[in-house]
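Report on the structure given below.
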Amino acid sequence: MVDNKDLTVNFLPSPTWNRLGVNRAKIRNIPVDGWNSIPVQKEIIEKYINNSDLEIWDSFANIQTGMGEEIDEISKISQPEKIRISADKTKSEKLFFNCKNGENAFADVELYAPENTELTVFMTMQSAWNANGICAVRTKFKAEKGAKIRLVQLNLLSQNFRFINDVGAECEDNAAAEILQLFIGGNETYTGTKTTLLGKQSNLDLNVGYYCKDEQLLDMNYVAEHIGKKTVSSMNAGGVLRDKAHKLFRGTIDFPLGSSGAKGDENEDVLILGEDVINQTVPLILCAEEDVEGNHGASIGRPSDDVLFYLASRGLDEEEACNLMARAKLDALCSKIGDEELETLAKSCLEEVTGYANEKI
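The C-terminal position of the sequence shown is numbered 361 in the working numbering, with every residue numbered one higher than the one before it.
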């Protein structure tokens, strides 16, 4: 018999009223054994598994992530081999995590960009469309002075999977972190990202898109911690909620003492296409420094009668019109992926879940 346990993750950095139910998330019934490493391409294993050529890898244990320390429990159970990629070995790499039916699997990825280098890593989580299981990925990365790391993550899993996605990043002077995430698959998705802007004039550019339907759950926690002076963060999330989907977005900009001249912006834009969806947004700005600028906003909307009437005049019924708007909202994010193969794959998956194909117009 396989024992299970609950994990508490996605802590709001400054708790609010417990009765609101947004201070943390609980992932229930996580198996305490029987975990595997997520299968990845053979060439990735040969090039990057347990790479220990740099002393800097030892320091990655100290990088804080968005979901919190309890994700370590899965790492201890599964004991995966680390995938370590550095910008002095490659400028760009694609990781395809092919999750198997009935398996619970974990991947541990570490990325490093030495001074004045750039690294782009694409991660695609996928499975057979009727498969089930748990897919858990933890990614930590560090950008040294003047370096840039770009991370693109695509959740294209089956609607029966549970997906756990934990990210932590550190940026030194004038370094940049660019993160793009698209969440389409998974019955339950828990994701958290914490970016610590350690060095002066370091910056974060985060863009998140999601499409949730039926009874899908998406629980998010994003934190930009401004340690250095004149640091800049931009966090933008947007997506579509349908049917009985449930989404919780936590977005925190933290200005501790000493972060003078820092600027942070966060925004979420949600299109609601169902009467029974649950939409929760928790924008949070923590400020212990006077000379800073922080902004947050949220836009929540439903299709107007005028828009539906116009689309009806073009031959679309209400269902087709809603599918069109849902697809259009996320197509813009797909165009920023930066890889033709993956952009095509993401758009194909969107077509599958939205039921909208371009030839309908």
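Positions of the beta carbon are idealized from the N, C-alpha and C atoms, including for glycine. The model shown is predicted, which means the values in this text are computed figures rather than measured ones.
- Rounded to the nearest whole angstrom, the CA to CA distance from M235 to K263 is 12 Å.
- Residues of the same chain with a CB within less than 6 Å of the CB of R162, apart from the 5 flanking positions on each side, are I134, E188 in chain order.
- Per DSSP, A131 lies in no beta strand (DSSP E) and is assigned neither H nor E.
- For T195, the uninterrupted beta strand (DSSP E) run begins and ends at 188–197, by DSSP.
- In this structure, DSSP gives R162 an extended state, which the three-state scheme calls strand.
- For A107, the enclosing beta strand (DSSP E) has its first and last residue at 103–113.
- A check of alpha carbon separations from I85 across N98, C99, I49 identifies I49 as the nearest.
- Annotation: L20 to G68 spans about 20 Å, alpha carbon to alpha carbon.
- Classified as buried, A147 has 16 or more neighbouring CB atoms from the shown chains inside 10 Å of its CB.
- Between V277 and A245, the C-beta spacing is below 9 Å.
- Check the Cα spacing between L271 and each of L241, T16, C334: the tightest is with L241.
- Taking all protein chains in view, the Cβ of G34 is surrounded by fewer than 16 other Cβ atoms within 10 Å, so the residue is classified as exposed.
- Residue environment for D219: buried (at least 16 other C-beta atoms within 10 angstroms of its C-beta).
- In this structure, I83 places its C-beta atom within 9 Å of the C-beta atom of V109.
- C-alpha of P31 to C-alpha of G261: approximately 46 Å in a straight line.
- At least 9 Å separates the beta-carbon of L182 from that of L151.
- A straight-line Cα-Cα distance of about 12 Å links Y222 and Q64.
- For L248, the closest of L12, I77, Q79, N207 by C-alpha to C-alpha distance is L12.
- Counting the other CB atoms within 10 Å of its CB gives K140 a total of 16 or more, which places it among the buried residues.
- The shortest CA-to-CA distance from L95 to any of F122, W129, P80, A87 is the one to F122.
- A buried status is given to K229, since no fewer than 16 other beta-carbon atoms sit within 10 Å of its beta-carbon.
- Where E73 is concerned, the enclosing alpha helix (DSSP H) starts and stops at 71–78.
- In the three-state reduction of the DSSP assignment, A224 falls in the strand class.
- For E293, DSSP records a beta bridge to K263.
- One Cα belongs to N101, the other to D173, and the distance between them is close to 44 Å.
- The DSSP-derived three-state label of I83 is strand.
- Within the same chain, Cβ atoms closer than 7 Å to the Cβ of I300 are found at V270, I272, N279, the five residues on either side in sequence being excluded.
- Take the alpha-carbon of Q126 and the one of L157: they are about 4 Å apart.
- Straight-line spacing of the CA atoms in S202 and A177 works out to 8 Å.
- Where T354 is concerned, the enclosing alpha helix (DSSP H) starts and stops at 340–354.
- In terms of Cα proximity to T120, the closest of A105, F106, N104, A87 is A87.
- With distances taken between CA atoms, Y211 lies nearest to T354 out of I337, E341, T354.
- Following the DSSP letters along the chain, one finds K42 in no beta strand (DSSP E) but inside the alpha helix (DSSP H) bounded by residues 42–48.
- Selection D339, L350, S348, N10 evaluated against N165 yields N10 as nearest (Cα-Cα).
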